[in-house]
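A quick write-up on the structure given underneath.
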Amino acid sequence: MADRFEDLDVWKRAARLSAELYKETRTCRDFGFRDQITRSSLSVPSNIAEGYERESLKECVQFLSYAKGSCGELRTQIYIGLEIGYFDRKTGKKWLTESKAISSMLAGLIKARRKFVPKSPQIAP
Numbered sequence: 007m008a009d010r011f012e013d014l015d016v017w018k019r020a021a022r023l024s025a026e027l028y029k030e031t032r033t034c035r036d037f038g039f040r041d042q043i044t045r046s047s048l049s050v051p052s053n054i055a056e057g058y059e060r061e062s063l064k065e066c067v068q069f070l071s072y073a074k075g076s077c078g079e080l081r082t083q084i085y086i087g088l089e090i091g092y093f094d095r096k097t098g099k100k101w102l103t104e105s106k107a108i109s110s111m112l113a114g115l116i117k118a119r120r121k122f123v124p125k126s127p128q129i130a131p
């Protein structure tokens with residue numbers, strides 16, 4: 007398992023997708039939409055990094071879960087952007103494919119990290 011977030015393929019891919027979205031949407035005149043989609047895309051690699059910099063495995067998993075949630079938010083915004091004609095189909099489909107792959111990678115990472123999170127003792131009623 008990677009010790010640094012910079013070594014994670016999922017972080018690299020998420021950061022690359024975010025940078026691409028920033029570049030492709032910089033001329034979008036719908037500032038609300040542009041702000042929302044770029045913020046959700048930026049949230050994915052940012053939460054991965056924050057989770058890996060936390061002290062506990064429990065916190066790490068929590069932030070990886072936030073990243074996965076942001077990935078779903080991003081995918082929703084891509085679908086809407088496609089529907090209203092903000093992106094061409096080829097670009098939008100590429101982003102959807104990449105965001106789905108990132109989400110799957112995060113699910114695997116969360117599952118792997120959860121194996122090492124200590125269980126809380128159960129208190130009898």
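The sequence shown begins at 7 in this note's numbering and counts up by one.
In this text, a Cβ means the ideal position worked out from N, Cα and C, and glycines have one as well.
Original post:
In angstroms, rounded to a whole number, what distance separates the CA positions of S24 and S47?
Top reply: Along the sequence shown, read from residue 1 onward, the residue named residue 24 stands at position 18. Along the sequence shown, read from residue 1 onward, the residue named residue 47 stands at position 41. Going by C-alpha positions, S24 is about 5 angstroms away from S47.
**OP:** State the DSSP-derived secondary structure class of R40, mapped to helix, strand or coil.
**Re:** Residue 40 sits at position 34 when you count from the first residue of the sequence shown. Residue state, collapsed to three classes: helix.
**OP:** Could you give the DSSP three-state label for F69: helix, strand or coil?
**Re:** If you number the sequence shown from 1, residue 69 lands on position 63. The answer is helix: DSSP assigns F69 an H, G or I state.
Original post:
If you run the structure through DSSP and keep just helix, strand and coil, what is I86?
Top reply: By 1-based counting over the sequence shown, the position of residue 86 is 80. Helix.
Subject >> Top-ranked residue by Cα proximity to A107, from D9, F11, A20 and E59 >> reply: Taking the sequence shown and counting its residues from 1, the one referred to as residue 107 is at position 101. It is A20.
Original post:
Apart from the five residues just before and just after L88, which ones in its own chain have a Cβ nearer than 6 angstroms to its Cβ?
Top reply: Indexing the sequence shown from 1 puts residue 88 at position 82. Closer than 6 angstroms at Cβ, skipping near neighbours: G98.
Original post:
Thinking just about the alpha-carbon of each residue, which of A118, G91 and L80 is nearest to the one in V50?
Top reply: In the sequence shown, counting from the first residue as 1, residue 50 sits at position 44. Nearest of A118, G91 and L80 to V50, Cα basis: L80.
Subject >> Opening and closing residue of the alpha helix (DSSP H) in which V16 lies >> reply: Residue 16 sits at position 10 when you count from the first residue of the sequence shown. D15 to T31 is the span of the alpha helix (DSSP H), which, as asked, contains V16.
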